[in-house]
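Line order of the protein sequences matches chains C and B. Residue numbers for the first sequence follow the working numbering, so the first one is 1 and each next one is one higher. Residue numbers for the second sequence follow the working numbering, so the first one is 365 and each next one is one higher. Glycine included, C-beta positions come from ideal geometry on N, C-alpha and C. A short write-up of the structure that comes next.
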Amino acid sequence: MVRLVVLWCPTLSREGPRGEEPRRFAKVLDAAVELAPFARPVRLGVLAIPSKGPSRFFGGEAAFAEHLGGVVGPLLGGAGRVCVGAAEGLFAAVLAARAAVLVAPGETGTFLAPWSIATLRDPDLAAACQRLGLHTLGRFAGLEEARVLERFGLDAVRRHRVARGVDGELPGLRDYAALRRLDAVRHRDEPREVQRGFFGERGGADVRAAAAVHRLEQRLGQGAVTVARLGGGRTPDDRAALVPWGSVDAASEARDHVAPWPGRLPSPSPASIPSRPLAVALLDEGGHRVTVSGTGLLSAVPARLEFEAGRPRLVAAHCGPWPMAERWWGVSRRRAHLQVLCSDGLAVLLRAERSRWWLSGIYD
Amino acid sequence: MFASRPELPAALATAIRPTAPASSRLLPVAEPLISLFPDGALRRGGTVVVTGSAGWGATSLGLALLTAASTSGHWCAAVGLDDPGVVAMAELGVDLRRVVFVPRPRGAWAAATAELFEGVDVVLARPPARVAHTAARRLLARARDRAAVLIVLTEHRDDWPVPSELALEVTEAAWHASGRLVNRRAVVRAVGRGITGRPRYVSLWLPGPEGAVGVAC
Numbered sequence: 001m002v003r004l005v006v007l008w009c010p011t012l013s014r015e016g017p018r019g020e021e022p023r024r025f026a027k028v029l030d031a032a033v034e035l036a037p038f039a040r041p042v043r044l045g046v047l048a049i050p051s052k053g054p055s056r057f058f059g060g061e062a063a064f065a066e067h068l069g070g071v072v073g074p075l076l077g078g079a080g081r082v083c084v085g086a087a088e089g090l091f092a093a094v095l096a097a098r099a100a101v102l103v104a105p106g107e108t109g110t111f112l113a114p115w116s117i118a119t120l121r122d123p124d125l126a127a128a129c130q131r132l133g134l135h136t137l138g139r140f141a142g143l144e145e146a147r148v149l150e151r152f153g154l155d156a157v158r159r160h161r162v163a164r165g166v167d168g169e170l171p172g173l174r175d176y177a178a179l180r181r182l183d184a185v186r187h188r189d190e191p192r193e194v195q196r197g198f199f200g201e202r203g204g205a206d207v208r209a210a211a212a213v214h215r216l217e218q219r220l221g222q223g224a225v226t227v228a229r230l231g232g233g234r235t236p237d238d239r240a241a242l243v244p245w246g247s248v249d250a251a252s253e254a255r256d257h258v259a260p261w262p263g264r265l266p267s268p269s270p271a272s273i274p275s276r277p278l279a280v281a282l283l284d285e286g287g288h289r290v291t292v293s294g295t296g297l298l299s300a301v302p303a304r305l306e307f308e309a310g311r312p313r314l315v316a317a318h319c320g321p322w323p324m325a326e327r328w329w330g331v332s333r334r335r336a337h338l339q340v341l342c343s344d345g346l347a348v349l350l351r352a353e354r355s356r357w358w359l360s361g362i363y364d
Numbered sequence: 365m366f367a368s369r370p371e372l373p374a375a376l377a378t379a380i381r382p383t384a385p386a387s388s389r390l391l392p393v394a395e396p397l398i399s400l401f402p403d404g405a406l407r408r409g410g411t412v413v414v415t416g417s418a419g420w421g422a423t424s425l426g427l428a429l430l431t432a433a434s435t436s437g438h439w440c441a442a443v444g445l446d447d448p449g450v451v452a453m454a455e456l457g458v459d460l461r462r463v464v465f466v467p468r469p470r471g472a473w474a475a476a477t478a479e480l481f482e483g484v485d486v487v488l489a490r491p492p493a494r495v496a497h498t499a500a501r502r503l504l505a506r507a508r509d510r511a512a513v514l515i516v517l518t519e520h521r522d523d524w525p526v527p528s529e530l531a532l533e534v535t536e537a538a539w540h541a542s543g544r545l546v547n548r549r550a551v552v553r554a555v556g557r558g559i560t561g562r563p564r565y566v567s568l569w570l571p572g573p574e575g576a577v578g579v580a581c
């Protein structure tokens, strides 16, 4: 299990009537990400950081915890208290933050033992265990797993594993609704100011455009208005993306889209890129499927192109294929692109991937 | 006190003239497209309807109309194009930093377009179906009121029910392929106010070998 440092801000854990807690916690989160890039929120007021990297960098876990508390403390003003704890697994680390202790490595089981059974966030299980005289996590953890499965079912087994310190992910510990709201807050407020025009200035036109987009977003919802971002890549859909207006991605200028990319598909690029993958059938004269061999050659000359709907089209000419074998070091991807010109003037870009043909673009 | 007011230098006089000259009511278009327009530019408050059979380059033509406007600093928007070829736009010469997209306006494309007129100079819209007469009228009035340009992208001329300032139609399109798709020669017919007599035909590279628009010989 990963050893985690958890930071808990009690004053920000519950949303108040003014609803400013998510915004203030987002600031805390940003400060923590500055210190340790893998800081992630768990729920409102709680964030977790894998201990290993930052501990080595700051010279020990205690030093890191102290530094983190020192950075976050001033952000909360006078009233806010900051608790930092560390332990193996998320559940134990959150409890450690509540107790504000750094549990020594390997001591997590002993640390968990005296905590109440109610910390497992299952009232029915807690009530049943209390009646059985199992008041603490340690007593519950002492049961055999098979007996727990018999008596309480599969869900209780997961909690039993958490109580034993084998698993850290207690169901319900991460508050996904709060995390989504936090995400919206973080990506909406600050970068909106960063969307700048030429030379970083904001003219009157930019302000008016931003206001119009803002009103439109209120009408259609967050993320309905997008801007384009160009990046590096070989194919049109790799090279460009539509990202929500005002998001972090939108603000960062594309740097490398002018750099040469060996193996890039030739210009001109298709004017329409389907947003969903569309399967098509490419057939030869005899009605057999055209395939691309491992050496990047077509099995036959394409004669007919069939879309899922609509009449089949006759292929007048084709260019390519351009085979691509990418990312052999990771999730490898093999595909081949083919430009097909139909007899009615329609030109499309097709992609052979996973032994099927897909529509990659329309030269409209 | 002054017997005679000193004469202003001519360059300064034009620079400080308070009334907007006619040219500021025009938004620039890319050079190869100038001959399509009676004024040589997009007229603020006007509508341009771009039509053409699927795959004949109507989308490219519509996107090409945004090039010079966006590079000269005017904000542009594309409404209802759920599949824009962003790389193709960059190759055409559109400044993507000045373009916002509303790819899926969820049935409210007219309302979205009207909202964008408040802050955007050129709106390229692709209506999902035939536009109702009243909705079109309302959009026209809004565009005129806000001095914005509306470019409507449809497959058939009839999908836009009210007369437009200018109607561009791709009437012919043929790709030239040599090892790859090199360029497409498209003939565009321009009909509208200010074009007297017969419709004007212009043949274009839409797009040219590097993706930009050019005048075909």
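If you check the beta carbons only, do residue i and residue j fall under 9 angstroms apart?
| i | j | result |
| --- | --- | --- |
| residue 91/C | residue 20/C | no |
| residue 271/C | residue 362/C | yes |
| residue 109/C | residue 146/C | no |
| residue 534/B | residue 245/C | no |
| residue 443/B | residue 273/C | no |
| residue 523/B | residue 493/B | yes |
| residue 103/C | residue 50/C | no |
| residue 35/C | residue 24/C | no |
| residue 319/C | residue 305/C | no |
| residue 571/B | residue 479/B | no |
| residue 428/B | residue 457/B | yes |
| residue 440/B | residue 425/B | no |
Roughly how many whole angstroms lie between the Cα atoms of residue i and residue j?
| i | j | result |
| --- | --- | --- |
| residue 332/C | residue 8/C | 40 angstroms |
| residue 5/C | residue 111/C | 15 angstroms |
| residue 86/C | residue 117/C | 20 angstroms |
| residue 130/C | residue 37/C | 42 angstroms |
| residue 323/C | residue 228/C | 27 angstroms |
| residue 288/C | residue 542/B | 26 angstroms |
| residue 314/C | residue 436/B | 43 angstroms |
| residue 81/C | residue 275/C | 47 angstroms |
| residue 347/C | residue 497/B | 34 angstroms |
| residue 432/B | residue 486/B | 11 angstroms |
| residue 477/B | residue 174/C | 40 angstroms |
| residue 544/B | residue 52/C | 52 angstroms |
| residue 123/C | residue 58/C | 40 angstroms |
| residue 481/B | residue 516/B | 14 angstroms |
| residue 56/C | residue 309/C | 59 angstroms |
| residue 296/C | residue 265/C | 15 angstroms |
| residue 500/B | residue 510/B | 15 angstroms |
Would you list the residues sitting across from residue i in a DSSP beta bridge?
| i | result |
| --- | --- |
| residue 323/C | 336/C |
| residue 441/B | 464/B and 487/B |
| residue 88/C | 3/C |
| residue 272/C | 362/C and 448/B |
| residue 46/C | 8/C and 43/C |
| residue 549/B | 538/B and 569/B |
| residue 348/C | 340/C and 362/C |
| residue 353/C | 356/C |
In three-state terms, what does DSSP make of residue i?
| i | result |
| --- | --- |
| residue 117/C | helix |
| residue 539/B | strand |
| residue 110/C | helix |
| residue 575/B | coil |
| residue 366/C | With chain C covering 1 to 364 only, the question about residue 366/C has no answer from this structure. |
| residue 129/C | helix |
| residue 554/B | strand |
| residue 518/B | strand |
| residue 197/C | In this prediction, residue 197/C has a pLDDT of 46, which is less than 50 and means its spatial position is unreliable; nothing more can be read from the coordinates. |
| residue 54/C | helix |
| residue 244/C | strand |
| residue 189/C | Low confidence applies here, because residue 189/C scores a pLDDT of 44, under 50, leaving its location unreliable; read the following figure in that light. Here residue 189/C sits in helix by DSSP. |
| residue 149/C | helix |
| residue 318/C | strand |
| residue 416/B | strand |
| residue 295/C | coil |
| residue 372/B | coil |
| residue 508/B | helix |
Against chain A, does residue i count as a neighbour if the rule is that its beta carbon must be under 9 angstroms from one of theirs?
| i | result |
| --- | --- |
| residue 245/C | The structure shown contains no chain A; its protein chains are C and B. |
Note to self: Residues of the region 260-272 of chain C in Cβ contact with chain B at a cutoff of 9 angstroms, in chain order, please.
What the structure shows: 265, 266, 267, 268, 269, 270, 271 and 272: these are the residues of the region 260-272 of chain C whose beta carbon lies less than 9 angstroms from some beta carbon of chain B, given in chain order.
Margin query: By the 9 angstroms beta-carbon criterion, what residues does the region 481-507 of chain B contribute toward chain C?
Written below: When C-beta distances to chain C are compared with 9 angstroms, the residues of the region 481-507 of chain B below that value are 481, 482, 483, 484 and 485, in chain order.
Next item on the list: Give, in chain order, every residue of the region 156-185 of chain C whose Cβ lies closer than 8 angstroms to some Cβ of chain B.
Entry: The region 156-185 of chain C vs chain B, Cβ under 8 angstroms: nothing.
Item checked: Residues in the region 468-479 of chain B having any Cβ partner in chain C nearer than 8 angstroms -> Cβ contacts with chain C come from 468, 469, 470, 472, 475, 476 and 479.
Margin query: For the region 551-574 of chain B, list every residue whose C-beta sits within 9 angstroms of some C-beta in chain C, in sequence order.
Written below: Those would be 571, 572, 573 and 574, in chain order.
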